[in-house]
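Take a look at the structure set out below.
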Amino acid sequence: MVLHLSVCLLHPLQVSPTRSQVVGPAQKGRLGAVLLLGMPRSLLCLVSTPLLVFALPRTLQPVGGLPLSGPAPDHGGFQPVHTQLASDLPASILGERLQEERSEARVTLPKLIIQFGHQRTATTLQFQTLCAIAAILNEADPSSIDCSFKKYVGEHLKELDNHTIGLRVWKTHIVPDEGFPKDAWLFTSEIDDSVGFDDPWEDSAQRMSQELDHEIKYTQVLSRLTGRGSGIATEYKSIFGLSDAQVVEVVTYLRYWDILRMCCGVQMSAEYRAQLISDLRPNITETSGSLYPACDMYNIQMVERQVVESQVFKLALTGGVGLRTLRGTSNKEAGWGDDLNGQYCEWFNRQVACQELTFNQRPENPGCDGEQFPTQLAIAARGAVS
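In terms of this note's numbering, the sequence shown opens at residue -12 and continues consecutively.
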């Protein structure tokens, strides 16, 4: 069973003012839904339901209309947790003017940041968040960052002696026998049924600090993530000394990347994968359920282009191998070099349907009907960093 967590802004974006009426020219293109800047807080409503079509920016509206009715295929098996982040801006930034200046890190960062969590606790989301923050804080030299998965952290500690890498962000599911390196910043993700949506995260962090015998900088609790969406990134602001503008850039990337995580790639939602293969559409009962991924409601190519046009993605392009995880929807695709490019998801989803791809299965290339893997980056200034 896949858990999908959805947050939507119930606001008729189709009648909102244009982006140029809300933000300055230098800020255009950074945030597909910055239309909400300056809107009264009373007009915004966060709800834990799948994202409604009318709440999407116009460019992300589905081409084919609402899903048709029909029986949904039955399926099962282990799948990662997906967290649909559909809120457009953190609540603390709504209505405030974006700061153009980007401050350098106001805190002294370590050489190593570790993301630890058991599988199905949204570890990938937290890892992507930390890697995106690392990229934003190192805009001048993104190639100095290495974001990677390490099954056994202890086997890779000698890599810290390589001083050409300024900051490493590692993800692992296993606690080292000797414990985590004492100088590393440790971030954790977990499921804790005793923690409610409104409860603070600090209590969970303190408990895990005692269990792991290591200070926890921040604990991402799944129950708290449910209603906060991409706005959860604001909780990292004081830890890393991020400016408002930097938080927005991280949220911009995460808001669209997580839709692709669910609706595209080798680890996409099992529900949507089965739907693509069977060509059937769920009925009204199934679409109203909390587990319905609602991928049909997105213009997936436009969502992907929002990702590749984000500041974080452009930094990932210039950052090389160390930031490849930010260029795909999973570690698998990052390892293969199958990057998002504004055209990848449409091609991939067609291959899911015609090749009947299973979880973590890479499509054959050329694909069906000889269709080649798209390699051209669908943005005007490839790799440009503003």
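Positions of the beta carbon are idealized from the N, C-alpha and C atoms, including for glycine.
C-beta neighbour in chain D for residue 189, strict 8 Å:
The chain labelled as chain D is not found in the depicted structure, where only one protein chain is given.
inquiry  = For residue 158, which residues in the same chain have their Cβ closer than 6 Å to its Cβ, ignoring the five residues on either side in sequence?
reply    = Hits under 6 Å: 102, 114, 136.
Please classify residue 23 as buried or exposed, where buried requires at least 16 other C-beta atoms within 10 Å of its C-beta.
Caution applies to residue 23, whose pLDDT of 34 falls short of 50 and renders its modelled position unreliable; the model cannot decide the point.
Should residue 227 go down as buried or exposed, given a rule of 16 or more other Cβ atoms within 10 Å for buried? Counting C-beta atoms within 10 angstroms of its own C-beta, residue 227 has 16 or more neighbours from the protein chains shown and is therefore classed as buried.
* What number of angstroms, rounded off, separates the C-alpha of residue 313 from the C-alpha of residue 267? -> The alpha-carbon separation between residue 313 and residue 267 amounts to approximately 32 Å.
**Asked** Can you check whether the CB of residue 319 is closer than 8 Å to the CB of residue 347?
**Response** In this structure, the beta-carbon distance from residue 347 to residue 319 falls below 8 Å.
**Q.** Secondary structure, beta strand (DSSP E): runs of 3+ residues fully inside the region 142 to 223
**A.** Qualifying beta strand (DSSP E) stretches, in chain order: 154 to 159, 172 to 177, 203 to 208.
Thinking C-alpha only, which one of 330, 353, 249 is nearest residue 362?
The shortest Cα separation from residue 362 among 330, 353, 249 belongs to 330.
Alpha helix (DSSP H) containing residue 117: first to last residue?
Per DSSP, residue 117 belongs to the alpha helix (DSSP H) from 110 to 124.
- Query: When burial is assigned at 16 or more other CB atoms within 10 Å of the CB, is residue 225 buried or exposed?
  - Reply: Exposed, because fewer than 16 other Cβ atoms sit within 10 Å of the Cβ of residue 225.
Whether residue 154 touches residue 131 by CB criterion (8 Å)
Yes. Within cutoff.
Report the CB separation of residue 182 from residue 191 in whole angstroms; it is logged as a contact under 8 Å. Between residue 182 and residue 191 a beta carbon distance of about 6 Å is seen, short of the 8 Å cut, so the two are scored as contacting.
- Query: Ends of the beta strand (DSSP E) at residue 348?
  - Reply: Unbroken run through residue 348: none, as it is neither H nor E.
Report the partner residues of residue 134 according to the DSSP bridge assignment.
156.
For residue 210, the nearest candidate out of 180, 143, 229 (CA to CA): Relative to the Cα of residue 210, the nearest Cα in the group 180, 143, 229 belongs to 180.
**Asked** Which residues mark the beginning and the end of the alpha helix (DSSP H) in which residue 241 is found?
**Response** It spans 231 to 250 - the alpha helix (DSSP H) in which residue 241 sits, taken as one unbroken run.
Apply the 10 Å Cβ neighbour rule to residue 74 and answer buried if 16 or more other Cβ atoms are within range, or exposed otherwise.
-> Legend: pLDDT at residue 74 = 43, less than 50; position of this residue unreliable, no value from coordinates given.
Q. With 16 other CB atoms within 10 Å as the buried threshold, where does residue 138 fall?
A. Within a 10 Å sphere around the beta-carbon of residue 138 sit fewer than 16 other beta-carbons, which makes this residue exposed.
Margin query: Does residue 204 pass the burial test, meaning 16 or more other C-beta atoms within 10 Å, or should it be called exposed?
Written below: Classification of residue 204: buried, given that the 10 Å Cβ count is 16 or more.
Quick check on the burial criterion: 16 or more other C-beta atoms within 10 angstroms. Buried or exposed for residue 187? By the beta-carbon neighbour count (other beta carbons within 10 angstroms, threshold 16), residue 187 is exposed.
Taking only three categories from DSSP, how would you classify residue 293?
Helix at residue 293.
Contacting residues, own chain, Cβ-Cβ under 7 Å from residue 240 (five flanking each side not counted)
The residues are 119, 294, 297, 299, 300.
**Message:** So, at 6 Å on beta carbons, what are the nonlocal neighbours of residue 207 in its own chain, with the 5 sequence-adjacent residues on each side left out?
**Reply:** Within the same chain, residue 207 has close Cβ partners 113, 176.
Note to self: By alpha-carbon positions, which one of 140, 344, 229, 325 ends up nearest to residue 264?
What the structure shows: Selection 140, 344, 229, 325 evaluated against residue 264 yields 344 as nearest (Cα-Cα).
**Message:** If distances are taken between C-alpha atoms only, which option among 326, 245, 303, 349 comes closest to residue 456?
**Reply:** The structure shown does not extend to residue 456, since the chain is modelled only from -12 through 373, so no value can be given for it.
Requested in this report: Determine the closest residue to residue 95 out of 171, 128, 256, with distance taken between C-alpha atoms.
Outcome: Taking residue 95 as reference, the option from 171, 128, 256 with the minimal CA-CA separation is 171.
- alpha helix (DSSP H) runs contained entirely in the region 278 to 342, provided each spans 4 or more residues: Secondary structure remark: continuous alpha helix (DSSP H) runs of at least 4 residues inside the region 278 to 342, in chain order: 287 to 295, 298 to 306, 318 to 323, 331 to 342.
Rounded to a whole number of angstroms, what is the C-alpha to C-alpha distance between residue 285 and residue 134?
Those two C-alpha atoms are separated by around 29 Å.
Practice item. Please work out which residues of its chain come closer than 7 Å, Cβ to Cβ, to residue 307, disregarding the five sequence neighbours upstream and downstream, and give them in chain order. Key: Scanning its chain for C-beta atoms nearer than 7 Å, with the 5 sequence neighbours on each side dropped, one finds around residue 307 the residues 130, in chain order.
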